[in-house]
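Asker: Numbering follows this note's numbering, in which position 34 of the sequence shown is assigned residue number 124; successive positions increment by one, without gaps.
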Amino acid sequence: MDIVVNVAMSADGKLSSRRREQIKISGPEDFDRVDRIRREVDAVVVGIGTVLADDPHLTLDDPERQQQRRENGRPPNPARVVVDSRGRTPPDGRICDDAAPTYVVVSSAAPDERREALAEAGVELIVAGEERVDLPTAFDALEAAGINSLLVEGGGELIFSVIEDGVIDRLTVFVGSLVIGGRDAPTLADGEGFVEDFPALSLTAVDRVDDGVVLSYVVGE
91 MDIVVNVAMS ADGKLSSRRR EQIKISGPED FDRVDRIRRE VDAVVVGIGT VLADDPHLTL
151 DDPERQQQRR ENGRPPNPAR VVVDSRGRTP PDGRICDDAA PTYVVVSSAA PDERREALAE
211 AGVELIVAGE ERVDLPTAFD ALEAAGINSL LVEGGGELIF SVIEDGVIDR LTVFVGSLVI
271 GGRDAPTLAD GEGFVEDFPA LSLTAVDRVD DGVVLSYVVG E
């Protein structure tokens, strides 16, 4: 499985403010770049924090790209995946509509009533892990379902877990020309953080996009 993480952050490495509210960091060129990446993948992955904060749709913006996918024998939009240990995904959220298949990955600790509500909303449930989602197991289950490429879009806790578990091939980062600040504002890789054996990245490209830059890395080389 090919797994790419893409994120937009401020010049000081923040994904949003300490209020965890959505902030416009990039612009139309970068939005279009992300839409092109979405066109190529089988599924887009986000964490439950992103779903609760932003109510994302995670579909393609460009109808021509949807048509290109149809012409290649693929659904018009990639599938959507929510990593959600406790099953908190709102069944009436935009991510649960019929624009694309939706998978919610929960742990065994997710309450039965939440699982049932999501199943009734037409969501495919994957159980992986006891208290927290086990990402390698979850991604193996997605691959068994025919999903061979993933775009991970955040947030910081999920990105940290993807890096920590070694289930990442590439990382692309848009760095915007603004400073957000705040010790409690989310960063690119939240979670416990590393104190040794820091994951290595190799920079492959630097491209100016909008009023910022896109840094492209491969992981572990």
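Beta carbons are placed, not taken as given, at the ideal position from N, Cα and C, and that holds for glycine.
Assuming Phe66 is part of the alpha helix (DSSP H), what are its boundary residues?
Answerer: The requested residue 66 is not part of the displayed model; the chain covers only 91 to 311.
Asker: By alpha-carbon positions, which one of His147, Asp145 and Pro165 ends up nearest to Glu154?
Answerer: If you number the sequence shown from 1, residue 154 lands on position 64. Per the Cα distances, Pro165.
Asker: Cβ atoms of Arg108 and Ala275: under 8 angstroms apart, would you say?
Answerer: Here residue 275 refers to the residue found at position 185 of the sequence shown. Here residue 108 refers to the residue found at position 18 of the sequence shown. In contact: Ala275 and Arg108 (Cβ atoms closer than 8 angstroms).
Asker: Three-state secondary structure (DSSP) at Gly302?
Answerer: For the purposes of this step, residue 302 is taken as residue 212 along the sequence shown, with counting starting at 1. DSSP places Gly302 in strand when its eight states are reduced to three.
Asker: Is it right to say Phe229 is buried, meaning 16 or more other beta carbons lie within 10 angstroms of its own, or is it exposed?
Answerer: Reading the sequence shown from its first residue, position 139 is the one you call residue 229. With 16 or more other Cβ atoms within 10 Å, it is buried.
Asker: Run through DSSP, which three-state label would Glu214 get?
Answerer: Locating residue 214 in the sequence shown gives position 124, where the first residue counts as 1. Strand, per DSSP.
Asker: Which residue wins for smallest C-alpha separation from Arg123, given the options Thr262, Asp287 and Gly219?
Answerer: Position 33 of the sequence shown, counted from the first residue, corresponds to residue 123. Nearest of Thr262, Asp287 and Gly219 to Arg123, Cα basis: Thr262.
Asker: Under 8 angstroms, Cβ to Cβ, is there at least one residue of chain C near Asp122?
Answerer: Of the protein chains in the structure, only one exists, and it is not chain C.
Asker: Could you tell me which residues DSSP pairs with Gly137 in its beta bridges?
Answerer: The residue you call residue 137 lines up with position 47 of the sequence shown. Partner(s): Val173.
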